Amino acid sequence: MISFICNNKEITEDCAGGLPVLDWIRSQTGLKGTKEGCREGDCGACTVVVGKPGVTGVEYSAVCSCLLPIGEIEGCHLVTIEGLTTGDELTPFQRSFYDEAASQCGFCTPGMIMSLTGCLLGSSELSASAAMESLDGNICRCTGYIAVKRAVDRVMEELPSNREDRLEMLIEEGHVPAYFNTISERLSKLPVHKDPPDGTVIAGGTDIYVHSSDKLSDEQPGFLSRRDDLNFIHRDAGVVRIGASITFTQLRESQAIENIFPDMKDFLSRVSSTQIRSRATVGGNIVNASPIADLAIVFLALNASVTTDGRSIPLCEFYLGYKKLNMKRGEILTEVSFPIPESGSVLSSLKVCKREYLDIASVNSSMLLKVENGVIHQARISAGGVSPIPLLLAKTGEYLHGRTVSEKTVKDACTVAATEISPISDVRGSKEYKKELLKAQIRAHLTRGTLE
Amino acid sequence: MKHFDAILHVKGKSIFTADMREPVGTLHAAVFTSSCSHGKVLSLDLSRAEAHAGVIQIITAEDIPGENQIGNIVMDEPLLAGNTVHFIGEPVAIVLAETRRQAYKAMNAISMEVEELKTVIDPREAAKLGDLIVPPRTFSCGDTETALKKCTHVIKGTAETGGQEHLYLETQSALCIPLEGNALHITSSTQGPSFVQKITARVLGLPVHLVQVDVVRLGGAFGGKEDQATPWAVMTALGAHLTGRPVKLILKRHEDLVNTGKRHPYSSDFTIGLDENGKILVWEVNYYQNSGAASDLSTAILERSLFHCTGSYFIPNVRAAGYCCRTNLAPNTAFRGFGGPQAMFIMEAAIYKAAVETGIPVNKIQKKNLMKPGDCFPYGMEYPCDEIRSSWNLAEEFAHVAETRRSVYKFNSENRYLKKGISMMPVCFGISFTTTFLNQASALVHVYTDGSVGISTGAVEMGQGVNSRIRQVAADVFSIPVEQTRVESTNTSRTANTSPTAASSGADMNGNAAQIACKEIRGRLLEVASVILDCEVKNLHLMNSKVWNKEKSTDISWNQLVMKAYMSRTDLSSHAHYATPGIHFNKATEKGRPFAYHVSGTAVTEVTVDCLLGTYKINSVNIIHHGGSQLNPLLDRGQVEGALLQGIGWVTMEELKWDSRSKRLLADTLATYKVPDIGFTPDEVNILFAEGEVLEDGVGLKGSKAIGEPPFMYGIGAWFAILDAMRTFNPNTSANYTAPMTPERVLMALTEGKRS
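Those protein sequences? They're chains A and B, same order as listed. Residue 451, in numbering that gives the first Met the number 0, is where the first sequence stops; the numbers in between run on with no holes. Residue 755, in numbering that gives the first Met the number 0, is where the second sequence stops; the numbers in between run on with no holes.
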């Protein structure tokens with residue numbers, strides 16, 4: 000049994016916790032505004048807003064309902080496009096989308112409106128750029144997004160600047176109906192079931208739901224999001240420890256992380272989309288073992304270790320082969336930790352793909368570099384897409400140690416790196432391209448801002 | 000003026016096929032398709048699937064009561080494969096079950112044994128084997144052989160353009176409800192309801208009048224639902240006919256990507272000859288079109304490539320030949336531009352190559368050869384206006400081209416790896432179906448006794464806003480608020496023998512038909528008014544929902560007039576037919592006047608390329624577009640913007656790749672096939688709509704010009720702007736005149752000759 004509030008209505012549903020929320024929504028009369036576009040989190044047509052009871056009230060974020068198990072919204076507020084108004088009125092975004100013809104065929108529109116509303120309800124800052132960024136997971140094939148930008152700008156210009164009572168302001172401005180005020184209290188009165196798990200253990204589910212949605216639909220998955228002990232970011236004694244269930248959004252918004260890596264927030268904007276980042280977890284990215292896992296590459300350069308049920312393993316020894324982990328069946332990855340880089344070191348992360356946002360890299364790489372007076376004191380480099388596993392380029396790092404940054408060093412580092420990699424040709428590029436791209440990235444890591 | 004349909008979209012209240020309330024007892028279909036690109040079917044084992052829970056029936060070719068044939072122009076495509084499979088994704092069997100999940104579970108339990116046959120996916124290889132869908136066609140004018148001898152410069156080359164997935168957000172979908180006496184009602188997401196109707200009747204062996212096809216709206220189409228919505232709709236009809244129960248079929252995204260055809264990839268050879276000043280004297284081109292496994296619309300698409308073989312340029316001696324090459328890919332199909340973009344890319348590539356080899360600046364060659372009034376296209380039609388040159392000149396001013404060039408030069412000299420590039424892309428696109436008989440439409444208009452108006456036409460609303468334009472036309476004829484009008488679903492029982500909504504012509508033709516019908520009713524209403532007012536009908540007109548006598552408003556309101564007319568037993572309905580005037584084409588001579596008019600404009604594109612990493616950003620696109628006298632500027636702008644980004648997508652990131660061994664499509668999910676997202680949108684897109692040619696009455700819609708396809712080709716400019724930037728870094732590269740210009744192609748071209 001699962002209880003939640005859908006729009007303005009308390010729901011108790013007898014269904015498996017693994018059922019995708021999209022399938023539940025689509026089965027309801029009168030809730031056809033949420034569309035199925037791709038079922039892989041790549042189009043955003045099924046975007047809904049989910050509110051979870053938090054310390055300061057209900058915390059809302061936009062998510063893809065196709066990748067969201069219904070068990071995850073137990074005790075939450077599920078908002079679909081139908082929940083944004085109670086009658087014929089239009090919200091300001093709906094009005095501006097209509098006025099600017101930012102909706103052509105209309106199939107992607109509800110998802111876009113939900114992403115934008117999720118941003119208003121949940122984003123740390125309210126600005127045109129934040130609103131625009133919230134659409135990074137919404138594909139529109141009709142408008143070229145140009146009218147969309149006009150529509151968004153228009154609303155954001157008129158929106159009162161950051162007010163303390165955000166929800167009250169959004170209700171006054173007509174972005175959400177007044178019933179939103181009652182949700183916090185109503186959520187606390189919902190019956191709690193927490194059905195015991197009998198199926199797959201799921202972190203964010205943003206990858207497994209792409210390929211195993213059907214199987215999971217009948218299961219009662221074990222949700223790691225219910226383990227509060229995995230949700231932390233600590234900085235102590237020169238080490239940063241990140242709990243496995245920390246989401247990409249949490250990581251991006253962490254002040255502790257930003258203090259150490261000022262560019263991380265920007266880099267993480269290139270990892271999946273707003274909707275996915277609010278679900279996808281740090282632990283998931285690592286155990287999924289994709290050879291181009293964006294975070295695994297970053298952590299390899301940071302000399303991170305992972306902890307699985309008490310065991311600590313250096314990340315560079317965690318990957319044994321394609322999708323093969325140094326982990327026993329039933330073991331759970333609980334945290335990742337890394338030493339805070341010594342002062343003067345710079346972390347540089349690069350990712351090249353066909354599309355800048357919401358795409359998987361052809362090659363990505365990270366380099367932790369410390370250069371003093373032109374001499375490299377520390378270089379630790381990792382790369383994805385060039386081997387069956389997220390790869391630490393140990394020899395390249397070793398080679399660089401103690402060298403001066405010069406044209407020759409760049410070239411020789413590339414030559415060493417070429418001996419460490421074994422890219423294959425696939426849909427993300429030919430192996431020749433991947434070799435060339437890694438060389439270009441090594442050059443960029445070493446020279447951007449120095450040789451140029 | 001608005002896109003009226005969007006008021007429902009923004010609230011999520013619009014109903015697409017998948018959103019329709021299913022009648023109790025509806026079955027769900029899942030389609031089993033070939034996973035072999037070419038092979039002889041040895042056995043098909045349905046037994047395990049049939050044993051699955053909820054399965055009602057599994058339909059194969061043998062169960063088809065009529066003809067197993069869905070071909071349109073050429074009869075070469077079965078609905079369900081029989082003894083041979085011709086491409087991966089070719090439908091073989093339809094599983095009908097109580098729920099969608101049950102249908103898919105059972106479908107996955109079907110097994111098929113196939114003996115593999117030789118697979119060809121390269122059009123040139125198919126041409127070599129003689130596997131052409133129809134004999135080659137050649138358009139020519141002048142005498143290229145003699146003229147070549149007079150050329151100072153003769154440049155030969157090849158160019159390649161990739162395919163393109165439509166990626167309409169709504170996948171192919173249909174719902175069929177059986178009615179009494181073998182009749183069927185099909186809701187289909189199709190651009191061509193009459194085509195669905197005709198093919199359903201053929202496959203079921205029924206007369207056409209037993210099949211009613213209804214279309215409310217499509218969640219995007221772009222040509223991908225012109226012919227290719229048909230099989231899925233026919234399958235629901237077949238299922239409903241055989242079981243007597245409603246059948247619903249919604250393709251999953253992955254299935255839609257694999258099973259349906261795309262924009263045709265072209266491989267082309269060219270010879271371009273110029274005099275010493277850069278005047279183009281000769282253009283010879285061979286198009287090898289990758290048609291896929293069945294003809295679909297390939298022959299018509301190739302024909303349009305031939306029509307647009309010279310792009311926006313006047314060339315006196317032309318020989319253009321086209322080959323529809325049969326390959327083992329899903330049958331390729333219509334996509335915005337319909338063969339035009341391919342031809343224009345190749346023309347521009349040849350000019351670029353000529354510029355590189357002669358040292359004459361590319362823009363100088365382009366500008367020198369733009370069509371002038373009175374110039375003839377190779378197919379014999381005269382270009383009547385000066386919109387191409389005027390858009391070029393206006394664009395130079397609008398985009399401050401001279402100044403931009405200087406700033407680009409400065410930027411490039413100051414940056415080692417970041418390089419900017421700029422291009423100008425003139426577009427001239429012919430409006431009308433090149434198949435002349437398709438240029439007809441009809442409308443049925445009812446005025447109800449409360450004064451509200453219902454309009455049915457053959458036009459299908461797919462986001463382009465055709466319904467809004469038609470409502471505007473009707474509201475204008477009756478001089479009533481647009482809110483009093485409604486465009487009904489497109490329904491074959493109300494509007495018969497419709498042409499597909501395609502070729503940018505939907506609003507022109509259906510809008511004109513609606514206008515004729517409305518005027519007919521208006522005439523009758525004014526007759527009624529003249530009796531009431533006892534005055535001459537020629538003095539009466541309608542304005543602001545009132546009857547006016549000369550310059551004075553009378554007491555008779557629109558609503559009163561309608562009621563009076565009804566009470567006096569006047570017909571308040573009218574059916575009208577429109578046929579585009581003045582068009583003809585002789586296929587024997589390949590000459591004629593195939594187009595009602597041309598749409599022209601010019602785009603200026605500026606990009607920045609990171610020549611170290613091979614990535615790029617489109618900075619700005621400035622466009623002069625000659626759109627006639629605009630009927631709905633908001634819709635026009637949306638069409639230009641949307642088409643532009645689709646065009647840019649085609650020549651940049653949208654890449655179809657097939658596995659070299661299995662010939663399986665590799666870009667078969669949205670994780671692997673990328674289309675422009677909001678982050679890719681140029682920082683600046685400025686569009687200036689300019690009036691120009693004044694169309695004759697009855698051509699265009701109230702003086703406005705068609706807008707769906709022409710702006711797509713502005714996007715081609717992005718490819719040449721990127722090349723322009725790359726050549727500042729590596730002057731020897733040409734990127735092999737191959738589109739799309741993916742970051743991979745950029746990096747490999749930049750490091751050409753420098754790789755260790």
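Virtual Cβ for every residue (Gly too), placed ideally from N, Cα, C. Owing to the predicted nature of the structure, the values given are computational and were not obtained by experimental measurement.
Sort A:Arg447, A:Lys410, A:Ile420 and A:Ser421 by Cα distance to Arg754 (chain B) and report the nearest one.
Reading the second sequence from its first residue, position 755 is the one you call residue 754 (chain B). Arg754 (chain B) has its Cα closest to that of A:Lys410, out of A:Arg447, A:Lys410, A:Ile420 and A:Ser421.
Counting only C-beta atoms, is Lys323 (chain A) closer than 8 angstroms to chain B at any point?
The count along the first sequence starts at 1 and reaches residue 323 (chain A) at position 324. Answer no: the Cβ-Cβ gap between Lys323 (chain A) and chain B never drops below 8 angstroms.
Please confirm if the segment 65 to 72 of chain A is in contact with the segment 432 to 451 of chain A, defined as three or more CB-CB distances below 8 angstroms between the two stretches.
No: fewer than three Cβ pairs fall under 8 angstroms.
Check whether the Cβ atoms of Pro675 (chain B) and Gly702 (chain B) sit closer than 8 angstroms, and answer yes or no.
On the second sequence, position 676 is the one that residue 675 (chain B) refers to. On the second sequence, position 703 is the one that residue 702 (chain B) refers to. In this structure, Pro675 (chain B) keeps its C-beta atom at 8 angstroms or more from the C-beta atom of Gly702 (chain B).
Entirely enclosed alpha helix (DSSP H) segments - the segment 423 to 481 of chain B, minimum 4 residues:
You should have 465 to 477.
Using beta-carbon positions only, say whether Thr761 (chain B) and His583 (chain B) come within less than 8 angstroms of one another.
With chain B represented from 0 up to 755, any question about residue 761 (chain B) goes unanswered, as that position is not in the structure.
Distance CB(Tyr178 (chain A))-CB(Gly121 (chain A)) smaller than 8 angstroms:
Residue mapping note: residue 178 (chain A) aligns to position 179 of the first sequence, counting from 1. Residue mapping note: residue 121 (chain A) aligns to position 122 of the first sequence, counting from 1. Cβ distance not < 8 angstroms, so Tyr178 (chain A) and Gly121 (chain A) don't count as in contact.
Would you mind stating whether Cys75 (chain A) and Leu217 (chain B) have Cβ atoms separated by less than 8 angstroms?
Position 76 of the first sequence, counted from the first residue, corresponds to residue 75 (chain A). Position 218 of the second sequence, counted from the first residue, corresponds to residue 217 (chain B). No, they are not a contact pair.
On a Cα-Cα basis, can you pick out the residue from B:Arg20, B:Leu147, B:Lys10 and B:Lys149 that is closest to Gly86 (chain A)?
The count along the first sequence starts at 1 and reaches residue 86 (chain A) at position 87. When each option's Cα is compared against that of Gly86 (chain A), the closest is B:Lys10.
Going along chain A, which residues have a C-beta under 7 angstroms from Met712 (chain B)?
In the second sequence, counting from the first residue as 1, residue 712 (chain B) sits at position 713. Counting only Cβ-Cβ distances below 7 angstroms, Met712 (chain B) has no contacts in chain A at all, with the closest Cβ about 14 angstroms away.
Suppose the cutoff is 8 angstroms on Cβ atoms and the five residues either side in sequence are ignored; what does the same chain contact list for Val133 (chain B) look like?
On the second sequence, position 134 is the one that residue 133 (chain B) refers to. The residues are Val73, Ser294, Thr298 and Cys323.
Cβ of Tyr318 (chain A) within 8 angstroms of Cβ of Pro261 (chain A)?
Residue mapping note: residue 318 (chain A) aligns to position 319 of the first sequence, counting from 1. Residue mapping note: residue 261 (chain A) aligns to position 262 of the first sequence, counting from 1. Their beta carbons are not under 8 angstroms apart, which means Tyr318 (chain A) does not touch Pro261 (chain A) by this criterion.
Say whether chain A places a C-beta atom closer than 8 angstroms to the C-beta of Gly678 (chain B).
The residue you call residue 678 (chain B) lines up with position 679 of the second sequence. At least one CB atom of chain A sits nearer than 8 angstroms to the CB of Gly678 (chain B).
Looking at the C-beta of Ile112 (chain A), does it have a partner C-beta in chain B at a distance below 8 angstroms?
In the first sequence, the residue the question calls residue 112 (chain A) occupies position 113. For Ile112 (chain A), a Cβ of chain B is located within less than 8 angstroms of the residue's own Cβ.
Contact set for Ala319 (chain B): own chain, Cβ-Cβ below 6 angstroms, skip 5 residues either direction:
Your numbering for residue 319 (chain B) matches position 320 in the second sequence. These residues qualify, in order along the chain: Phe138, Val284, Leu305 and Cys308.
By the 10 Å Cβ neighbour count, where 16 or more other Cβ atoms means buried, how is Pro372 (chain B) classified, buried or exposed?
To locate residue 372 (chain B), count along the second sequence from 1; it is residue 373. By the neighbour-count rule (16 or more Cβ atoms within 10 Å), Pro372 (chain B) is not buried but exposed.
Buried versus exposed, by CB contacts within 10 Å (16 or more), Glu124 (chain A)
For this step, residue 124 (chain A) is matched to residue 125 along the first sequence. Label assigned to Glu124 (chain A): exposed.
Identity of the residues DSSP links to Ala734 (chain B) by a beta bridge
One-based indexing of the second sequence puts residue 734 (chain B) at position 735. Ala734 (chain B) is bridged by DSSP to nothing; it lacks a bridge partner.
Between B:Gly260, B:Ala105, B:Asn67 and B:Thr270, which has its C-alpha nearest Lys148 (chain B)'s C-alpha?
Mapped onto the second sequence, residue 148 (chain B) falls at position 149. Just measuring C-alpha positions, the residue of B:Gly260, B:Ala105, B:Asn67 and B:Thr270 sitting nearest Lys148 (chain B) is B:Thr270.
Give the single residue among B:Trp282, B:Val94, B:Val210 and B:Gly219 whose Cα lies nearest to the Cα of Gly141 (chain B).
Along the second sequence, one-based indexing puts residue 141 (chain B) at 142. The residue with the shortest Cα to Cα distance from Gly141 (chain B) is B:Trp282.
Using the rule of at least 16 other Cβ atoms within 10 Å of the residue's Cβ for burial, across every protein chain shown, is Glu218 (chain A) buried or exposed?
Residue 218 (chain A) sits at position 219 when you count from the first residue of the first sequence. Under this definition Glu218 (chain A) is a buried residue.
Report the three-state DSSP secondary structure of Gly92 (chain A) (helix, strand or coil).
As a position in the first sequence, residue 92 (chain A) is number 93, starting the count at 1. Before going on, a small fix: residue 92 (chain A) reads as Phe here, not Gly. Helix, per DSSP.
Is there contact here, the segment 389 to 408 of chain B with the segment 159 to 166 of chain B, by at least three beta-carbon pairs under 8 angstroms?
The segment 159 to 166 of chain B and the segment 389 to 408 of chain B do not touch, with fewer than three beta-carbon pairs separated by less than 8 angstroms.
Could you round the C-beta distance between Ile275 (chain A) and Ser253 (chain A) to whole angstroms and report it? I think they count as a contact, below 8 angstroms.
Translated into positions along the first sequence, residue 275 (chain A) becomes position 276. Translated into positions along the first sequence, residue 253 (chain A) becomes position 254. About 18 angstroms separates the two Cβ atoms, so there is no contact after all.
Tell me, please, whether the CB atom of Ser65 (chain A) is closer than 8 angstroms to any CB atom in chain B?
In the first sequence, residue 65 (chain A) corresponds to position 66, counting from 1. Checking the sequence shown, residue 65 (chain A) turns out to be Cys, not Ser. Output row for Cys65 (chain A): interface = no.
Work out the CA separation of Arg140 (chain A) and Leu166 (chain B) for me, nearest whole Å.
Within the second sequence, residue 166 (chain B) is the residue found at index 167, counting from 1. Within the first sequence, residue 140 (chain A) is the residue found at index 141, counting from 1. When rounded, the distance between both Cα atoms is 7 angstroms.
Look at the alpha carbon of Leu842 (chain B) and the alpha carbon of Thr732 (chain B), and state the distance between them as a whole number of angstroms.
Past the boundaries of the shown model lies residue 842 (chain B); chain B is included only from 0 to 755, so the question cannot be answered.
So that I know if they touch, is there some Cβ in chain B lying closer than 8 angstroms to that of Lys31 (chain A)?
Taking the first sequence and counting its residues from 1, the one referred to as residue 31 (chain A) is at position 32. With 8 angstroms as the cut-off, Lys31 (chain A) counts as an interface residue toward chain B.
Anything in chain B within Cβ reach of Tyr59 (chain A), meaning under 9 angstroms, just list it in chain order.
In the first sequence, the residue the question calls residue 59 (chain A) occupies position 60. Neighbours of Tyr59 (chain A) on chain B: none; closest Cβ ~18 angstroms, over 9 angstroms.
Is any beta-carbon of chain A found at less than 8 angstroms from that of His51 (chain B)?
What you label residue 51 (chain B) is simply residue 52 of the second sequence in a count that begins at 1. Interface residue (Cβ-Cβ distance to chain A less than 8 angstroms): His51 (chain B) is not classified as such.
Using a Cβ-Cβ distance cut-off of 8 angstroms, determine whether Leu687 (chain B) contacts chain A.
Locating residue 687 (chain B) in the second sequence gives position 688, where the first residue counts as 1. Chain A, which has no Cβ nearer than 8 angstroms to the Cβ of Leu687 (chain B), makes this no.
Using a Cβ-Cβ cut-off of less than 9 angstroms, give me the residues of the segment 138 to 149 of chain A that come near chain B, in sequence order.
Of all residues in the segment 138 to 149 of chain A, only Ile138, Cys139, Arg140, Cys141, Thr142, Gly143, Tyr144, Ile145, Ala146, Val147 and Lys148 come within less than 9 angstroms of chain B when Cβ atoms are compared, listed by chain position.
Would you report the Cα separation of Leu450 (chain A) and Lys409 (chain B), rounded to the nearest angstrom?
Here residue 450 (chain A) is taken as the residue at index 451 of the first sequence, counted from 1. Here residue 409 (chain B) is taken as the residue at index 410 of the second sequence, counted from 1. The predicted model places Leu450 (chain A) with a pLDDT of 44, which falls under 50 and marks its position as unreliable; any figure quoted below should be read in that light. Distance between the alpha carbons of Leu450 (chain A) and Lys409 (chain B) is about 20 angstroms.
Spell out whether any CB of chain A is found under 8 angstroms from the CB atom of Asp4 (chain B).
As a working note, residue 4 (chain B) is residue 5 in the second sequence. Asp4 (chain B) counts as touching chain A.
Is the Cβ-Cβ distance between Gly321 (chain B) and Glu347 (chain B) less than 8 angstroms?
Taking the first residue of the second sequence as 1, we reach residue 321 (chain B) at position 322. Taking the first residue of the second sequence as 1, we reach residue 347 (chain B) at position 348. The Cβ atoms of Gly321 (chain B) and Glu347 (chain B) do not sit closer than 8 angstroms to each other.
Is it a yes or a no for the segment 443 to 460 of chain B touching the segment 558 to 577 of chain B, going by three-plus beta-carbon pairs under 8 angstroms?
With a cut-off of 8 angstroms, the segment 558 to 577 of chain B and the segment 443 to 460 of chain B count as touching, because enough Cβ pairs lie within range.
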